[in-house]
Amino acid sequence: MSLIVQKFGGSSVADAESIKRVAKRIVETKKAGNDVVVAVSAMGDTTDELIDLAHEVTPIPDAREMDMLLTTGERISMALLAMAIKTLGYEARSYTGSQAGMITDAQHGAARIVDVTPVRVREALDEGAIAIVAGFQGFNRDSMDITTLGRGGSDTTAVALAAALDAEVCEIYTDVDGVYTADPRVVPLAHKIDRISSEEMLELAAAGAKVLYIRAVEFARRHGVTLHVRSSFNNNEGTLVYNPAEGESVEEPIITGVAGDLTEAKITVVGVPDIPGKAAEIFTIVAKAGANIDMIVQNVSAAATGLTDISFTLPKAEGQRVLTALNAEKDAAGFANLLYDDQIGKLAVVGAGMRTNAGVSAKLFTALSDAGINIEMISTSEIRISVVTRADTLADATRVVHTAFGLDAAEAAQVHGGTGR
Ligand code: ADP
Ligand code: ASP
Ligand code: MG
Numbered sequence: 017m018s019l020i021v022q023k024f025g026g027s028s029v030a031d032a033e034s035i036k037r038v039a040k041r042i043v044e045t046k047k048a049g050n051d052v053v054v055a056v057s058a059m060g061d062t063t064d065e066l067i068d069l070a071h072e073v074t075p076i077p078d079a080r081e082m083d084m085l086l087t088t089g090e091r092i093s094m095a096l097l098a099m100a101i102k103t104l105g106y107e108a109r110s111y112t113g114s115q116a117g118m119i120t121d122a123q124h125g126a127a128r129i130v131d132v133t134p135v136r137v138r139e140a141l142d143e144g145a146i147a148i149v150a151g152f153q154g155f156n157r158d159s160m161d162i163t164t165l166g167r168g169g170s171d172t173t174a175v176a177l178a179a180a181l182d183a184e185v186c187e188i189y190t191d192v193d194g195v196y197t198a199d200p201r202v203v204p205l206a207h208k209i210d211r212i213s214s215e216e217m218l219e220l221a222a223a224g225a226k227v228l229y230i231r232a233v234e235f236a237r238r239h240g241v242t243l244h245v246r247s248s249f250n251n252n253e254g255t256l257v258y259n260p261a262e263g264e265s266v267e268e269p270i271i272t273g274v275a276g277d278l279t280e281a282k283i284t285v286v287g288v289p290d291i292p293g294k295a296a297e298i299f300t301i302v303a304k305a306g307a308n309i310d311m312i313v314q315n316v317s318a319a320a321t322g323l324t325d326i327s328f329t330l331p332k333a334e335g336q337r338v339l340t341a342l343n344a345e346k347d348a349a350g351f352a353n354l355l356y357d358d359q360i361g362k363l364a365v366v367g368a369g370m371r372t373n374a375g376v377s378a379k380l381f382t383a384l385s386d387a388g389i390n391i392e393m394i395s396t397s398e399i400r401i402s403v404v405t406r407a408d409t410l411a412d413a414t415r416v417v418h419t420a421f422g423l424d425a426a427e428a429a430q431v432h433g434g435t436g437r
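Our numbering numbers the first residue of the sequence shown as 17 and each following residue consecutively.
Next comes the structure, spelled out in C-alpha cells:
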C-alpha cells in the first residue's frame, strides 16, 4: 500500500460543489488502495478577504492576531472536506496544523517548519481513515501560539507531511494542468512542461511563478520528495518536479520558462560616497530591518563629486520598513536621499541549458528592445537572467520573450478556475 499526499489549493475548494468534487477525487485514491493524507487551503479568496477585513479594522494588524484570523480559513475547508468524504461512506478526520504536529519557529506570518510530528495523522491512517490537514499553519512550542507559513504556504504543509510520512508522491492539485512555460493567465500560448528539475522549479518559483511556493520546492528538494503538479478539474497528467540523480545527464532546453513578478519595489540610495565600506554599511542597515533584497545595482560614481547611487529591489511589503530604517541612519551613513519606486515589474527567464549556451542575454534584450520595452536593471545567476521593467509593460514583455525563445504552443492553455488573485 502506498501513501499519497494530496494538496488542494483555494480555487479547487472554492465552493460546496467544488468541495464535493474534490472529496470524490480523494475517495478514488483511497479506493485504489492507497493511504491518503490531504493538505487543504482556504476556500477561494478567503485569505485575501480576511486580510482586507483586518485592514478595515486597523491599518497595522497585530501579527499574532493576524495569524489567528487567517488560520480560520483553512479550518473551514478542512472540516467541510471531511464531512463531504464521510458522506461518501469513507472515514475522514480533519486536523489543525498544531494537531497534525506542524511545529514552527515563532515568526508570525512567515514561520518556518522546524519539526513535523504527525502522530495523530498516523493514528488516523492506521485506523483506515483519510487525514485532512489544514494547510499554511503551524504551532510554536515556546510561545504556544498559532503561526502561518506565509502566502501560498499550504504547498509547504503538503511537502512537509510527505517528507515526514515518507509518502510515495506529493500531488499538488490546482486550477491549471501543471507547471507551464509561463503563467497561462498572462501568456495564453504557454505550454505545459512534463518534467522539470527541482533546480529550475526553484528559480521559477523564486521569480514569481506562484503555481508552487518556493519554500515548498526547497523543502521537497532537501528531503527528496517527488512533486506532481496537476489539475483538480481533470485527470490529465501534470508536471513532475524531480531531483536529477547525481551525475544524471538530462536533455535540457535552453529556456525552460519565463516568470513575471509585480510584488517588488525598488529603492535607490542617492549620493553615496564612493569609498570602501559604504555598501556594507547600507546593506547592514537593510539586513537589520529584516528585508529580503534581490537585485543590486551600483552606478559609476560621478568624477566631480565622488558620489554614486545604489539601487536594489525588495518585496513591496518590506518597503516602508526599510525606508524608515535607512532614513534613521541617513546622516551616519552619509548618503543624500532615498527614492522609492513601486511601479516596477521583474521578468526572469530560467533554463538549465543556459549554462552551456551563449547568446541568451542577447536574445532576451533584443526581444525586449524590438517591443520598445526599456530595461532598468539586470541580474544573472547560473540558470536565470532577470530584468526590471516598468510594471505596466511586464505582461507584454513576458509574451514577447516567450515567443522569442520559441516557447509558444499551437493552442491556448486552459485555466479552469480561480480569479488569479
Ligand atoms: P492554488 O489556489 O491551487 O494554490 P495558485 O493561484 O497559488 O493556486 O497557483 C496557480 C496559479 O499560478 C495558476 O492559476 C496560474 O495563473 C499561476 N501561475 C503562475 N506561473 C505559472 C506557471 N509557470 N505555470 C502554471 N501556473 C502558473
Ligand atoms: N490560504 C493561504 C493563502 O492564500 C495558503 C495557501 O493557499 O497556500 O496564501
Ligand atoms: Mg498556491
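Ideal Cβ placement from N, Cα and C applies to all residues, glycine included. Note that the structure is predicted; figures quoted are calculated from it, not measured.
ask   = For Ala180, which residues of its own chain have a beta-carbon under 7 Å away from its beta-carbon, when the five flanking residues on both sides are left out?
value = Against the sequence shown, residue 180 aligns to sequence position 164. Here the set comprises Val132 and Pro134.
ask   = Does the separation of the CB atoms of Gly254 and Val245 fall below 8 Å?
value = As a position in the sequence shown, residue 254 is number 238, starting the count at 1. As a position in the sequence shown, residue 245 is number 229, starting the count at 1. Their beta carbons are under 8 Å apart, which means Gly254 touches Val245 by this criterion.
ask   = Would you call the CB atoms of Val149 and Val130 closer than 8 Å?
value = Reading the sequence shown from its first residue, position 133 is the one you call residue 149. Reading the sequence shown from its first residue, position 114 is the one you call residue 130. Note that the C-beta distance between Val149 and Val130 is not below 8 Å.
message = With a threshold of 7 Å (Cβ to nearest heavy atom), would Ser57 be considered close to the ligand ADP?
response = What you label residue 57 is simply residue 41 of the sequence shown in a count that begins at 1. Yes, the ligand ADP has a heavy atom inside 7 Å of this Cβ.
ask   = So what does DSSP say about Ser28, is it helix, strand or coil?
value = Taking the sequence shown and counting its residues from 1, the one referred to as residue 28 is at position 12. Secondary structure of Ser28 (DSSP, three-state): helix.
request  = Check Met17 in the structure and name its three-state DSSP category.
outcome  = Here residue 17 corresponds to residue number 1 of the sequence shown, with the count starting at 1. In the three-state DSSP reduction, Met17 falls in the coil class, being neither helix nor strand.
Spatially closest choice to Lys304 from Ala341, Ala320 and Ser317, by CA coordinates = As a first step, residue 304 is located in the sequence shown; it is residue number 288 there, counting from the start. If we check each option's Cα against that of Lys304, Ala341 comes out closest.
7 Å CB neighbourhood of Arg41 in its chain, flanking five on each side removed = Stepping through the sequence shown from its first residue, residue 41 is reached at position 25. Cβ within range, chain order: Ser248.
key: Reduced DSSP secondary structure (H/G/I, E/B, other) of Ala275   = Taking the first residue of the sequence shown as 1, we reach residue 275 at position 259. In this structure, Ala275 counts as strand in the three-state DSSP scheme.
message = Can you find the residues in the same chain that come closer than 6 Å, C-beta to C-beta, to Thr329, ignoring five residues on each side of it along the sequence?
response = As a working note, residue 329 is residue 313 in the sequence shown. Result list for Thr329: Glu280, Lys282, Asp310 and Met311, in chain order.
ask   = Helix or strand or just coil, what does DSSP make of Lys304?
value = By one-based count along the sequence shown, residue 304 stands at place 288. Residue state for Lys304 is assigned as helix, using DSSP reduced to three classes.
Beta-carbon proximity check, Asp347 vs Ala387, cutoff 8 Å = Here residue 347 refers to the residue found at position 331 of the sequence shown. Here residue 387 refers to the residue found at position 371 of the sequence shown. Not closer than 8 Å, so no.
query = If you scan the stretch 159 to 226 from start to end, which runs of the alpha helix (DSSP H) of 4 or more residues do you find wholly inside it?
reply = 170 to 180 and 214 to 222
request  = Report yes if the CB atom of Gly224 is closer than 8 Å to the CB atom of Asp191, and no otherwise.
outcome  = In the sequence shown, residue 224 corresponds to position 208, counting from 1. In the sequence shown, residue 191 corresponds to position 175, counting from 1. In this structure, Asp191 does not lie closer than 8 Å to Gly224 by Cβ.
Reduced DSSP category for Ala261 - H, G, I as helix; E, B as strand; rest coil = For this step, residue 261 is matched to residue 245 along the sequence shown. It is coil, neither helix nor strand.
task = Between the Cα of Tyr8 and those of His71, Leu141, Asp210 and Arg400, spot the shortest distance and give me the residue it belongs to.
result = Since the first residue shown for the chain is 17 and the last is 437, residue 8 is missing from the structure and cannot be characterised.
request  = Could you please give the first and the last residue of the uninterrupted alpha helix (DSSP H) stretch that includes Arg138?
outcome  = What you label residue 138 is simply residue 122 of the sequence shown in a count that begins at 1. Val135 to Asp142 is the extent of the alpha helix (DSSP H) around Arg138.
task = Report the partner residues of Met118 according to the DSSP bridge assignment.
result = Along the sequence shown, one-based indexing puts residue 118 at 102. The partner list for Met118 (beta bridge, DSSP) reads Val132.
key: Close-in-space but distant-in-sequence residues of the same chain around Leu423 (CB under 6 Å, 5 per side omitted)   = Along the sequence shown, read from residue 1 onward, the residue named residue 423 stands at position 407. Same-chain partners within the cutoff: Thr197.
ask   = Going along the chain, which residues of its own chain have a beta-carbon closer than 8 Å to the beta-carbon of Ala261, five neighbours each way excluded?
value = As a working note, residue 261 is residue 245 in the sequence shown. If we look at Ala261 and ignore the five residues flanking it on each side, it has no Cβ neighbours.
task = Take Arg30 as the anchor and find which of Pro77, Pro75, Asp199 and Gly89 has the nearest alpha-carbon.
result = By one-based count along the sequence shown, residue 30 stands at place 14. Checking the sequence, you will find Ala at residue 30 rather than Arg. Selected option, being the one with the closest Cα: Gly89.
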